[in-house]
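Following this note's numbering, the numbering of the sequence shown begins with 8 at its first residue and continues without gaps.
Notes to accompany the following structure.
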Amino acid sequence: YLYCKTLSFFSLFVSDVLVGAVVQPLFIANRVYEILNHPITACELQTVNQVLGVALVATSSMHIAYISIERYLAVRWSTSLKSKLTVRKTFLSVVFIWLICLTYAVLPVLGYKEIGNLTVRSIIIAVICIITAVCYSNLFFTVRASRRTFKMNMDSITASKRIEKENKLAKTMLCTIGVITQSMLLAT
């Protein structure tokens, strides 16, 4: 499980570093070319910046949703997790996330902006927010339900540490859902 967790966090790290190392300098270069009145170069940079920016931000958000699922599975099936969550499955999931997000970023450039009355971005944003909210909610309620069982078998110090972890989990859940929802709403 540790290798799987490391792989998903490393992929999240790569996408976040690329946002800072590629997307932000492209944005600055685009603004410079706009100031210098080079509209063709500015337009090309803007398109590249939009595709990369959308792809990398979506990749980060999808990784957060995937890590939420991983955490839920780790709590839910802690004894049999090693057999269910393998390095191969994690690697395929990370590759799938990158491919979906790159496709998601390229679709508007190819002319596919709407599916019915909904934009492609709105659909992806809704899916990410729902996955993250459901995973953290289930995780919270699973930990809370298991607290009753553990309380009977623990001393007061261990029980208080468990309650402290539960409170930290609840705060993390609320912060993560809030940040993802806010960033996704700003992206639409």
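All C-beta atoms, glycine included, are put in the ideal place defined by N, C-alpha and C.
Would you kindly work out how many angstroms separate the C-alpha atoms of residue i and residue j, rounded to a whole number?
i      : j      : result
Val141 : Gln53  : 35 Å
Trp105 : Ala152 : 35 Å
Phe20  : Ile42  : 33 Å
Ile24  : Ser68  : It should be pointed out that residue 24 corresponds to Val in this sequence rather than to Ile. Cα to Cα, Val24 sits roughly 14 Å from Ser68.
Ile35  : Cys136 : 30 Å
Val94  : Ser15  : 10 Å
Lys178 : Glu77  : 18 Å
Tyr79  : Leu33  : 37 Å
Ser144 : Tyr40  : 46 Å
Leu109 : Ala133 : 18 Å
Phe103 : Ile71  : 14 Å
Gln57  : Thr86  : 43 Å
His45  : Lys96  : 47 Å
Cys11  : Ser90  : 12 Å
Met180 : Glu51  : 39 Å
Lys172 : Thr139 : 19 Å
Phe147 : Gln31  : 36 Å
Ile107 : Tyr73  : 13 Å
Lys168 : Leu176 : 12 Å
Ser100 : Arg83  : 19 Å
Report the option in the options whose CA atom is closest to the CA atom of residue i.
i      : options                      : result
Leu117 : Ser100, Val55, Leu25         : Val55
Tyr111 : Tyr10, Met69, Ala62          : Ala62
Phe17  : Val39, Ile131, Ile130, Phe98 : Phe98
Ile131 : Thr66, Gly60, Val101, Val82  : Thr66
Val150 : Leu59, Lys89, Ala81, Ser90   : Ala81
Leu59  : Glu171, Ile138, Pro115       : Pro115
Val29  : Thr13, Val64, Tyr10          : Val64
What does the Cβ neighbour count give for residue i, buried or exposed, with the cut at 16 atoms within 10 Å?
i      : result
Cys182 : exposed
Gly185 : exposed
Gly27  : exposed
Asn174 : exposed
Ser75  : buried
Ser22  : buried
Asn37  : buried
Val113 : exposed
Verify the contact flag: residue i, CB atom, against every heavy atom of the ligand GDP, threshold strictly below 8 Å.
i      : result
Leu146 : Ligands in the displayed structure: none, and consequently the ligand GDP is not present.
Checklist entry - Fully enclosed by the region 63-102, which alpha helix (DSSP H) runs are 4 residues long or longer? => result 88-91
Checklist entry - Quick one: complete alpha helix (DSSP H) runs, 4+ long, within the region 10-53? => result Whole alpha helix (DSSP H) segments, 4+ residues: 31-42.
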